[in-house]
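Student: Chains as they are written, first to last, in this note's numbering: chain A, 1 to 374; chain B, 1 to 111.
For glycine and all other residues, C-beta sits at the position ideal for the given N, C-alpha and C.
These numbers come from a predicted model, not from an experiment.
Here it is, the structure in full.
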Amino acid sequence: MYNLTDQQIEFIRNDISARGVAMVSLQHDLLDHVCCVVEHGLEPDGDFEAFYSSSIRTFFKDELREIEQETITLLTFKHYYFMKKLMLFTGTVSTVALTAGLIFKFMHWPGAAILIFLGVILLSLVFLPLLFTLKVREKQNTKDKVIIGIGTLAGICISFSVLFKIMHWPFANMLGIIALGITVFIFLPFYFLSGIRNPETKVNTIVSSVLILYACSLLLVLIRSPKASMEVFAAETESVYRSERIFKEQEKLTSILVKSELPSDGKNILQACEELKTYLVQCETGIPEIRDSESTLITDGSAGEYLSRSPEIEKKLVALNSEIGRYNQSLSAKQQKVEGLSKLDDRRVSQAINDLIQAQMVILQNQSTIALNN
Amino acid sequence: MIFSSELIKGTLKTIVLKQLEANGRMYGYEITQRVKELTFDKIQITEGALYPTLHALEADGLVVTETEYIGKRIRKYYSLSPKGKTKIEEKLSEMAEFMETMKFLLDLKPI
């Protein structure tokens, strides 16, 4: 029986971790095992190093790390059935939530957003990663694994981009373009070329590739091209600009026609609307007023986002709304009521500016009504 | 004759559990030596098969470990957990049935 010195034990310990065994409990097992082998197998005056290197060699085929890899495989296999069950469960739940969410959205019922959100999150953060993990285990060669990886990534990007789009969150378009790009230009060629070579998967591959291409094309058809967007924005800007000019004319006319002073609440409303308009135009275009519809463009930015940037402006909007309430109560039967502006933050910038102009127009017209009745 | 590791692979959990049942707590090297002795060297459990199996059994809750210092190194003793003690019966009867089926299937005559 050989007696191991502390240095020799330390040497074996270092050698085991240098050979890539990282799990501490496995290191302890192997260290004790090798020590036992050496103690029982080596003569008291034997050559430690030669004996050690020949005995550690019997532990593995190619590398000592194999033992750790095998351990990890066995440990993850234990979770295999659980993962499969979880995958099927989340798949079902997310499909149901998504379908219900879409129906709710069509019917304008409350809770649509949360259902769609839940569906997409479950699908892209639980179902797809699990599908990837389980599918990768089935495939032997690296190429198939990479294809599955790219496919999963593209799937996650697509579902997130649709989620972002319907929630009106930023970067939805960019995410969508990246997702479709990955699907059509990276995933599809790889998938198609690798699947078509195998006679067993040939038909399936062709059918799925056609379907994927078709689905991506349909998505692309729904997306407005940049040029079309510019045209829409130009038309909207033109409409806002026209309303503004009509209002300015009306303002001049009213001041000539009506000698009596505007009531103070009316004046306040005109003033506040003007400030909000200037603020929105400034945020959207960088200049305080639209000079013409060619040099400045109002895009489909959300008014709510701009309004929420400044607490002062938000306060002004609240004050404006209560002013409108007071103004409406003081009107005579023949005068028009001003539409409340409490929903302004749900509107797009162009719509919001039009709303403000309309409010101003109503005030001016009510003023004219007084003049006409006199 | 030494049995191939492929033959042993499917039965290793049962072999290990049975040894632990018979001998109480054991460490890895001891298990390999004991099996080797009992089978007159016919079954030689490799380290590459034994430790992954022991870790899997531990993760399944069938065995528990305790550690002891042997000089500068730690020795891990494995023993059956209460769950393992009930599981061993199941494993043994499964194995008996499997061997009967194999005898029938492969038409083996007793030697």
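#1: Is the CB-CB distance between residue 75 of chain B and residue 27 of chain B below 7 Å?
#2: Residues in the region 8-37 of chain B with C-beta within 9 Å of chain E's C-beta atoms, listed in sequence order?
#3: Okay, do the region 29-45 of chain B and the region 84-96 of chain B touch, 3+ Cβ pairs below 8 Å being the bar?
#4: Under 9 Å between beta-carbons, which chain A residues line up against residue 84 of chain B? List them in chain order, please.
#5: What's the gap between the Cα of residue 222 of chain A and the Cα of residue 215 of chain A?
#6: Please list, in chain order, the chain A residues whose beta carbon lies closer than 9 Å to that of residue 90 of chain B.
#7: Are the beta-carbon atoms of residue 212 of chain A and residue 205 of chain A separated by less than 7 Å?
#8: Report the residues of the region 55-72 of chain A with a CB closer than 7 Å to any CB of chain B, ordered along the chain.
#9: Any C-beta of chain A within less than 9 Å: which residues of the region 35-55 of chain B qualify?
#10: Using a Cβ-Cβ cut-off of 7 Å, state whether residue 96 of chain B counts as contacting chain A.
#11: Residue 154 of chain A: which of A/160, A/179, A/171 and A/162 sits nearest, CA to CA?
#12: Which class does residue 184 of chain A belong to by DSSP, given the choice of helix, strand or coil?
#13: Alpha carbons only, please: which of A/67, A/21, A/3 and A/143 is nearest the one belonging to residue 43 of chain A?
#14: Ignoring anything shorter than 3 residues, give me the beta strand (DSSP E) runs that lie fully in the region 223-283 of chain A, in order along the chain.
#15: Between which two residues does the alpha helix (DSSP H) containing residue 299 of chain A stretch?
#16: What residues of chain B sit near residue 37 of chain A, judged by a beta carbon separation below 8 Å?
#17: Which same chain residues end up closer than 7 Å to residue 83 of chain A when comparing Cβ atoms and leaving out the 5 residues on each side of it in sequence?
#18: Check the Cβ of residue 74 of chain A against every Cβ in chain B and list those closer than 9 Å, keeping chain order.
#19: Counting only Cβ pairs nearer than 8 Å, list the residues of chain A close to residue 76 of chain B.
#20: Using three-state DSSP, classify residue 305 of chain A as helix, strand or coil.
#21: What does the alpha-carbon distance come out to for the pair residue 59 of chain B and residue 30 of chain B?
#22: Strictly below 8 Å CB to CB, what residues from chain B border residue 9 of chain A?
#23: For residue 66 of chain B, which of helix, strand or coil comes out of DSSP?
#24: Can you tell me whether residue 183 of chain A is buried or exposed, with buried defined as 16 or more other CB within 10 angstroms of its CB?
#25: Quick check on residue 342 of chain A: does DSSP put it in helix, strand or coil?
#26: Can you tell me whether residue 78 of chain B is buried or exposed? The criterion is at least 16 other CB atoms within 10 Å of its CB, across all chains shown.
#27: Among A/360, A/264 and A/234, which has the Cα closest to the Cα of residue 350 of chain A?
#28: Should residue 6 of chain A be flagged as near chain B, meaning a C-beta pair shorter than 7 Å?
#29: So what's residue 74 of chain B in DSSP terms, helix, strand or just coil?
#30: Quick one: list the residues of chain B neighbouring residue 85 of chain A, beta-carbon separation under 7 Å, in chain order.
#31: Can you name, in chain order, every residue of its own chain whose Cβ lies under 6 Å from the Cβ of residue 72 of chain A, other than the five neighbours on each side?
#32: If you reduce the DSSP assignment to three classes, tell me which class residue 34 of chain B lands in.
#33: DSSP puts residue 26 of chain B in a beta bridge; with which residues?
#34: Considering residue 107 of chain A, what are the terminal residues of the alpha helix (DSSP H) in which it resides?
#35: Rounding to the nearest angstrom, what Cα-Cα distance links residue 358 of chain A and residue 170 of chain A in this structure?
#36: Less than 7 Å separating the beta-carbons of residue 119 of chain A and residue 91 of chain A?
Tutor: To lay it out plainly:
#1: Note that the C-beta distance between residue 75 of chain B and residue 27 of chain B is below 7 Å.
#2: Of the protein chains in this structure, namely A and B, none is chain E.
#3: At 8 Å Cβ cutoff, the stretches do not touch.
#4: From the beta-carbon of residue 84 of chain B, no residue of chain A is found nearer than 9 Å; the closest lies around 15 Å away.
#5: When rounded, the distance between both Cα atoms is 11 Å.
#6: The contacting residues do not exist; residue 90 of chain B stays about 17 Å from chain A at best.
#7: If you check the CB distance, residue 212 of chain A and residue 205 of chain A do not come in under 7 Å.
#8: The residues in question are 59, 60, 66, 67, 70 and 71.
#9: Within the region 35-55 of chain B, contact with chain A at the beta-carbon level (separation under 9 Å) is assigned to 46, 47, 48, 49, 50, 51, 52, 53, 54 and 55.
#10: Taking 7 Å as the CB threshold, residue 96 of chain B stays off the interface with chain A.
#11: Distances from the alpha-carbon of residue 154 of chain A to those of A/160, A/179, A/171 and A/162 put A/179 closest.
#12: DSSP, read as helix, strand or coil, puts residue 184 of chain A in helix.
#13: Taking residue 43 of chain A as reference, the option from A/67, A/21, A/3 and A/143 with the minimal CA-CA separation is A/3.
#14: Correct list: empty.
#15: It is not in any alpha helix (DSSP H) - residue 299 of chain A carries neither H nor E in the DSSP assignment.
#16: By Cβ distance, chain B contributes 29.
#17: Around residue 83 of chain A: 130, 133 and 134.
#18: Listed along chain B are 52, 53, 55, 56 and 59, each with a C-beta nearer than 9 Å to that of residue 74 of chain A.
#19: Chain A residues near residue 76 of chain B: 25, 28, 29 and 32.
#20: Per DSSP, reduced to three states, the secondary structure at residue 305 of chain A is helical.
#21: The C-alpha of residue 30 of chain B is placed about 21 Å away from the C-alpha of residue 59 of chain B.
#22: By Cβ distance, chain B contributes 71, 72 and 73.
#23: In this structure, residue 66 of chain B counts as strand in the three-state DSSP scheme.
#24: Here residue 183 of chain A is buried: its Cβ has 16 or more other Cβ atoms, across all protein chains shown, within 10 Å.
#25: Assigned with DSSP and collapsed to three states, residue 342 of chain A falls in coil, not helix or strand.
#26: When all chains shown are included, residue 78 of chain B counts as buried.
#27: Answer by Cα proximity: A/234.
#28: So, interface residue.
#29: If DSSP states are grouped into helix, strand and coil, residue 74 of chain B belongs with the strands.
#30: For the C-beta of residue 85 of chain A, not a single chain B residue is nearer than 7 Å; the gap to the nearest is close to 17 Å.
#31: Here the set comprises nothing.
#32: DSSP places residue 34 of chain B in helix when its eight states are reduced to three.
#33: Beta-bridge partners of residue 26 of chain B (DSSP): B/78.
#34: Element bounds for residue 107 of chain A: 80-107.
#35: One C-alpha to the other measures close to 29 Å.
#36: With respect to residue 91 of chain A, residue 119 of chain A sits apart: the two C-beta atoms are not nearer than 7 Å.
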